[in-house]
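The numbering of the sequence shown is the numbering used here, which starts it at -13 and goes up by one.
Structure first, then comments.
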Amino acid sequence: PFNTTIPWKARVDQMITWFTNERNPINLGVLYIEEPDLHAHGVGTQHPQVLELLQKLDELTKYIHDKLNENELQDVNVIHLSDHGMMDVGIPKIVNISSFLSKDDYDAVTSPVTMFIMPHT
-13 PFNTTIPWKA RVDQMITWFT NERNPINLGV LYIEEPDLHA HGVGTQHPQV LELLQKLDEL
47 TKYIHDKLNE NELQDVNVIH LSDHGMMDVG IPKIVNISSF LSKDDYDAVT SPVTMFIMPH
107 T
């Protein structure tokens, strides 16, 4: 199970033990790393914290491959995925929907990163 209190390398180490388990090795492992998503949503993609996290993720990628090699798991395919891309958007790029729609014509459901516009029927 996903747990942010477990350090990244410890998560990798745990997965390696699952792959190398003599009695019941896994044949598919999924490792979730919450960064840089967690910080980039809060401080923007170009913030020094995010850039530092990207360097740490590069180091983690090397750690993963080193651990696979150390454990003779060179045939394991590693696929890096993301649920979305990210970029900073400045004020000039913001679309004010009230310029196009009357507030009486829709409901808006918002979160820190998304907005859903539901028309009244």
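Built from N, CA and C at the ideal position, the CB exists for glycine as well.
Short check: CB of residue i to CB of residue j, under 9 Å?
{"i": "L46", "j": "P22", "result": "no"}
{"i": "I19", "j": "L43", "result": "yes"}
Starting from residue i and walking both ways along the alpha helix (DSSP H), at which residues does that stretch end?
{"i": "D23", "result": "D23 to V29"}
{"i": "F102", "result": "Per DSSP, F102 belongs to no alpha helix (DSSP H); it is in the beta strand (DSSP E), M101 to P105."}
{"i": "Q60", "result": "Counting along the chain, Q60 falls outside any alpha helix (DSSP H), and DSSP gives it neither H nor E."}
Taking the C-alpha atoms as reference points, what is the distance between residue i and residue j?
{"i": "I12", "j": "K53", "result": "16 Å"}
{"i": "M73", "j": "Q41", "result": "18 Å"}
{"i": "P34", "j": "S97", "result": "25 Å"}
{"i": "I50", "j": "V29", "result": "27 Å"}
Between the options, which lies nearest to residue i when the distance is taken from Cα to Cα?
{"i": "G71", "options": "R9, T6, S97 and A26", "result": "A26"}
At which residues does the beta strand (DSSP E) containing residue i begin and terminate?
{"i": "Y18", "result": "First-last for Y18: undefined, no H or E at that position."}
Tell me residue i's beta-bridge partners as DSSP assigns them.
{"i": "Y92", "result": "P105"}
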